[in-house]
Amino acid sequence: MQKMAAYQFIVTRLPVGYKNLSKDELSRKVDDMLRQQTSRFNNVEAIKVGYEGFPGYVGYTEHQGLQQKGMMFAVNNYIIAMSVMTNDDLETKFNKFSNGFKIIK
4 MQKMAAYQFI VTRLPVGYKN LSKDELSRKV DDMLRQQTSR FNNVEAIKVG YEGFPGYVGY
64 TEHQGLQQKG MMFAVNNYII AMSVMTNDDL ETKFNKFSNG FKIIK
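For what it's worth, our numbering labels the leading residue of the sequence shown as 4, then goes sequentially.
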């Protein structure tokens, strides 16, 4: 069997209507959005991303015979989503991919 891997990285800005929400309301809405978007994954866990502790979720699924690991998290006014699909060494590929990004302020 030929080894395959696909990588995905998506950045989405929060809806403009979220701009005027209180900090607590914004946190709840973002958490609801993240949980909804990861609802089709298995073994979903809440995580804190990076040294900054951005709130997010990570989970697993399968797609067309490939294992997939995905992570979504919130950074300021953005939702960041990244995933890796592969038939070979998912954890190593995902860790290398997700650790390759830096937050630039």
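Backbone N, C-alpha and C fix where the C-beta goes; we use that ideal spot for every residue, glycine too. These numbers were taken from a predicted model, which means no experiment stands behind them.
Judged by pairs of C-beta atoms under 8 Å, the segment 72-84 touches the segment 9-26, as three or more such pairs exist. Contact between the segment 30-47 and the segment 94-107 is absent: fewer than 3 CB-CB pairs across the two stretches fall below 8 Å. Across the set A9, M4, K6 and D34, the C-alpha of D34 shows the shortest separation from the C-alpha of M75. In this structure, the straight-line span from the alpha carbon of E65 to that of Q71 is close to 5 Å. Non-local C-beta neighbours of K96 in its own chain, meaning closer than 7 Å and more than five positions away in sequence, comprise A8, V87 and T89, ordered along the chain.
Under the three-state reduction of DSSP output, Y63 falls in the strand class.
With a 10 Å radius around the Cβ and a threshold of 16 neighbouring Cβ atoms, Y60 comes out buried. Per DSSP, Q40 is one residue of the alpha helix (DSSP H) stretching across K26 to Q40.
Under the 10 Å beta carbon count, M4 is surrounded by fewer than 16 other beta carbons and is classified as exposed.
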